[in-house]
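A quick write-up on the structure given underneath.
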Amino acid sequence: TLFLSTRKSYTRKLREAMLSIQMEMQLSKPQILELYLNRIYLSAGVYGVESMSRRVFGKPAATLTLAQSAFVAGLARAPATLSPWSNFDGAVARSHVVLTRMREAGFITQAEARAARRVRLRVQPYRATSNAPDAYARDYVRQQFRDSVGGDHPPDWRVDTTVVPQLQEMADRVVREGLGRFGKPELQAALVAIDPFTGDVLALVGGRDPARYPFNRATRSKRQPGSAFKPVLFATALARNYSPVSVLEGLDAIAPQGREEWAPRNVGNASPAALTLRAALIESNNRAATLLQQRVGTRRVLDLAGQVGLRGLPDVPSLSLGTGLVTPLELTAAFAVFPNGGQAVRPRGIVRILDADRSTAFSNSVERVRVLSPEVAFQMVSMLGDVVDRGTASTVRRMGVTFPAGGKTGTTDDFKDAWFVGFSSALVVGVWVGFDQPRTIGVDAYGSKYALPIWADFMRRAARVRRPSAFERPAGLEDVTLCRLSYQRAVDDCPVYAEYLKAGDVAPTRLCPLHRGSLRQRLRRTMDGWTTAVGRRLRDLFR
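Residue numbers (the numbering used here): 586 to 1128.
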């Protein structure tokens, strides 16, 4: 990223290879390593060993002792968790590993390593850089600046950003207040708000107290999304000739998958034998998601995930349950494909950069690529709307979010991560809650309990700035009235909903068997039952 942007493409890979060859020809390996070490992120918003040496020990890297050098070098392993100020003991322990590796490689003797381990290191007090509401957003913009033009921001240059100050202040406040309600001082959170049609990052919070915890979790912390990944799977299925009322059968008898014979479990181990896709997403059924992944094909799910910005995910049977690693920014941007009608957008924090002469040094245009049809995108909006209205996120309606919205909760094993990513017609917002060093957040720490309240608080406030409206329905969809419980044709006593079917989708023909209905409907249901029974008998006879 010293010479190229972080945007992933085949062209970038080719340029990267060419640059690598040129660097090998013109620079020695120590010179290449020096370039790398002066660029790498090392914690607390500091890049490069020289800057970190001055920040931690108050002197240039060239004058550090062996113990101090090992300390700084060890930070590169995990800058999120090995901060010299918030996890000093962990950073010291890592420095001991560095010393061991140096001894094994022959750079130092056993005696030198032993002496360095005995040194009692002292770091300079942490200097608060900023506790402003936009501190994390500024960090994101600074990183985009480096990626686009290289180097730090000259004071006489102008950077036009996408951040909306009013929304940024709201985001900072709801994260701070939301975490405060849990009474866990080390618990962290991240919030990202994006314009679904442009990818503009309107607000971004990477944690609590940026002066003390400068690591930007919104852009740099990769965590498992849990069930918040399921919409990517279900969208893949809808694009492959499934419909919201397609039925997944055999959920109570899924064969173990993979070399470790992994099999999914649901919360409470509930195992209905069959579910429609809509019902499976509403209740976030793990068995249904796993079976759907088997039917659709993991490769196809990974393809769509990559198209919406979720790259590097594992090809494993548990992919559908969110076992890959994503950042809050990446997952939030991925959800934009639903409310914007099926287009993947690239998140951006900078619109343009003007140099000292006010000439354009960098222009960052909106990038959109169609990856889903408008019909599939709207079907997903409808299904995720039901998650909010009557599924795992239904408490949001009691939190004051009354406008049309959709979204998905996510919780990882042992309650280490809590997610909610959702959208209105005007915003897509993602919230993550967890500890920097993954551990159980608390008892029943579901996404609906920890992340959803923060999301709802922000969306309710943000609606005053970005007013939501009804989602626009594509012309290529037919609506049918179905029972909300049986997902069959509604009779008079059914609670109903409108199902949206695209060309090729098969509408249910049977009448709901759960509700009484009118006399005429009961007679038709009886006749349908006879027809079905006769049909089964005839099939048995001619086998």
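Positions of the beta carbon are idealized from the N, C-alpha and C atoms, including for glycine.
All figures in this text were calculated on a predicted structure; none of them were measured in a lab.
For alanine 774, same chain residues with a beta-carbon under 6 Å away, outside a window of 5 residues either side, are Val760, Leu764 and Val1018 in chain order. For arginine 955, the secondary structure class from DSSP, reduced to helix, strand or coil, is strand.
Distance from the CA atom of serine 668 to the CA atom of phenylalanine 642, rounded to whole angstroms, is 14 Å. DSSP places lysine 1034 in the uninterrupted alpha helix (DSSP H) bounded by 1032-1035.
Shown here, leucine 706 sits in coil according to DSSP, grouped into three states, outside any helix or strand. The closest CA to that of alanine 865, considering only Pro829, Arg884, Val886 and Thr883, is found on Pro829. Within the same chain, and ignoring the five residues on either side of alanine 655 in sequence, the residues whose Cβ sits closer than 8 Å to its Cβ are Ser680, His681, Val683, Leu684, Met687 and Ala701. Beyond the five residues adjoining it in sequence on each side, glutamine 751 comes within less than 6 Å, by CB distance, of Val1050 in the same chain, given in chain order. Cβ neighbours of methionine 637 within its own chain (closer than 7 Å, five residues either side excluded): Leu627, Val631, Val657 and Leu660. With a threshold of 16 other beta carbon atoms within 10 Å, glutamine 1022 falls short and is exposed. Distance check between arginine 931 and each of Ala919, Asp942, Ala941 and Ala990 places Ala919 closest, using alpha-carbon atoms only. Here the alpha carbon of glutamine 611 sits roughly 21 Å from the alpha carbon of glycine 736. Phenylalanine 1005 is bridged by DSSP to Thr994 and Val1016. Residue ranges of uninterrupted alpha helix (DSSP H) with 4 or more members, entirely inside the region 599-629 and ordered along the chain, are 614-622. In the three-state reduction of the DSSP assignment, leucine 1067 falls in the strand class, which pools E and B. The alpha-carbon of proline 1098 is positioned some 21 Å away from that of glutamate 868. With contacts defined as CB atoms closer than 8 Å, aspartate 780 and leucine 789 fail to qualify as a contacting pair.
A distance below 8 Å between beta-carbons, with the five flanking residues on each side excluded, links valine 956 to the following residues of its chain, in chain order: Leu889, Gln892, Val893, Val922, Gly927, Gln928 and Ala929. The region 982-994 makes no contact with the region 896-910: fewer than 3 CB pairs, one atom from each, lie closer than 8 Å.
Per DSSP, tyrosine 721 is one residue of the alpha helix (DSSP H) stretching across 720-734. At the C-beta level, aspartate 1113 and leucine 1096 come within 8 Å of one another. Note that the region 933-946 touches the region 741-750; at least 3 beta-carbon pairs, one per stretch, sit closer than 8 Å.
Annotation note: the region 750-778 contains the following uninterrupted alpha helix (DSSP H) runs of length 4 or greater, listed N- to C-terminal: 750-765. Going by DSSP, arginine 640 is part of no beta strand (DSSP E) but of the alpha helix (DSSP H) stretching over 634-642.
In this structure, alanine 803 sits near threonine 912, with a CB-CB distance shorter than 8 Å. Taking every protein chain shown into account, the CB of glutamate 1063 has fewer than 16 other CB atoms within 10 angstroms, so this residue is exposed. Following the DSSP letters along the chain, one finds threonine 861 inside the beta strand (DSSP E) bounded by residues 859-861.
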